[in-house]
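J.:
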Amino acid sequence: MATTLDTRHSHRTFAPVPEALLGALLWHTARTKEAARSPLGFQIEHRPTPSAGAIHPIHLVIQLTDEESWARYNPQDHSLDLLAKDDSLLQPLVDCSEQVVPRGGGHLILFVAEPGKTAAKYENPESLIWRDAGVLQGSLALVAAALGLNYCLLGITGNPWVAQLSDQGKLQGVGVAILGAKP
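Residue numbering for the sequence shown follows the working numbering, starting at 44 and increasing by one per position.
What follows is the structure, encoded as structure tokens:
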């Protein structure tokens, strides 16, 4: 563990990630370990990465290997659910990301907040949403390093493109990262 912490740093070169390593990264950071009913209208969940009120309002949307398809990580089933929406909506975000750090063979990871979940329990939920996003981003960075993967957070949120993923306009981009294997 100490070696991972001491050697972790952002990498900016990326090869495709083997499916087993992507699965391990998601398993160790974002899967649902336990779920319980709540009066909030959705289940609260215990996951490896903490969240205010066990709400977990941050979704992981991952660019797949073919670079044109995207999937949302389903933490309850530990699976990737293909986005049914027109994936071309995210092409401007891909182009913007390429200007920041070229992804090469890596995968973009979008951190997509559902602010209404946190707002169901807390007044002024914005700070908690950003904290949840940061904790998840940090957990992914540490686990990626432990798995020997390259990971780099970009200095962009993903808005306004992420907001277009929902017909109701209830989603917000709270970060973008690139994940890849070592070239």
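C-beta atoms are modelled at their ideal positions from N, C-alpha and C, and glycine is treated no differently.
Keep in mind that this is a model prediction, so the values were computed, not measured.
Beta-carbon within less than 6 Å of R55's beta-carbon, same chain only, minus the 5 sequence neighbours each way: which residues are those?
T.: These residues qualify, in order along the chain: V144 and C195.
J.: Mark H52 as exposed unless 16 or more other C-beta atoms lie within 10 angstroms of its C-beta, in which case mark it buried.
T.: Per the 10 Å Cβ criterion, exposed.
J.: Would DSSP call I152 helix, strand or coil?
T.: Three-state result, I152: strand.
J.: Go ahead and pull the three-state DSSP assignment for H99.
T.: Three-state DSSP puts H99 in coil, outside helix and strand.
J.: In whole angstroms, give me the CA-to-CA distance for L214 and D49.
T.: Approximately 35 Å between the Cα atoms of the pair.
J.: Hey, how far is the Cα of P61 from the Cα of L68?
T.: Going from the Cα of P61 to the Cα of L68 covers about 11 Å.
J.: According to the Cβ coordinates, are P64 and L190 closer than 9 Å?
T.: Residue identity differs from the one stated: residue 64 is Leu in this sequence, not Pro. Yes, the pair counts as a contact, with Cβ atoms nearer than the cut-off.
J.: Suppose contacts are defined by Cβ-Cβ distances below 9 Å. Is L136 in contact with W204 by that definition?
T.: Result yes, Cβ atoms of L136 and W204 sit closer than 9 Å.
J.: Could you check the C-alpha separation between H102 and Y116 for me, to the nearest Å?
T.: Approximately 7 Å, taken between the alpha carbons.
J.: Relative to the C-alpha of S112, which candidate in S122, E77 and A127 has its C-alpha closest?
T.: With distances taken between Cα atoms, S112 lies closest to A127.
J.: Could you tell me the alpha carbon to alpha carbon distance between G177 and A184, rounded to whole angstroms?
T.: Rounded to the nearest angstrom, the two C-alpha atoms are 10 Å apart.
J.: With distance defined between alpha-carbon atoms, name the residue in L151, S140, E157 and F85 nearest to A114.
T.: Of the candidates L151, S140, E157 and F85, the one whose C-alpha sits nearest the C-alpha of A114 is L151.
J.: Could you tell me if Q106 is buried or exposed, where buried requires 16 or more neighbouring beta carbons within 10 angstroms of its beta carbon?
T.: By the 10 Å Cβ count, Q106 comes out buried.
J.: Could you tell me the distance, in whole angstroms, from the CA atom of S182 to the CA atom of P82?
T.: Roughly 28 Å separates the two Cα atoms.
J.: Skipping 5 residues on each side, what residues in its chain have a beta carbon closer than 6 Å to that of L133?
T.: These residues qualify, in order along the chain: W204.
J.: State the DSSP-derived secondary structure class of L104, mapped to helix, strand or coil.
T.: Before going on, a small fix: residue 104 reads as Val here, not Leu. Looking at V104 - three-state DSSP - the assignment turns out to be strand.
J.: Three-state secondary structure (DSSP) at E141?
T.: Looking at E141 - three-state DSSP - the assignment turns out to be helix.
J.: Suppose contacts are defined by Cβ-Cβ distances below 9 Å. Is G223 in contact with N202 by that definition?
T.: No, these two residues do not count as a Cβ contact at 9 Å.
J.: CB-CB under 6 Å to V104, same chain, minus the five flanking residues each way: which ones, in chain order?
T.: Cβ within range, chain order: W113, R115, L153 and V155.
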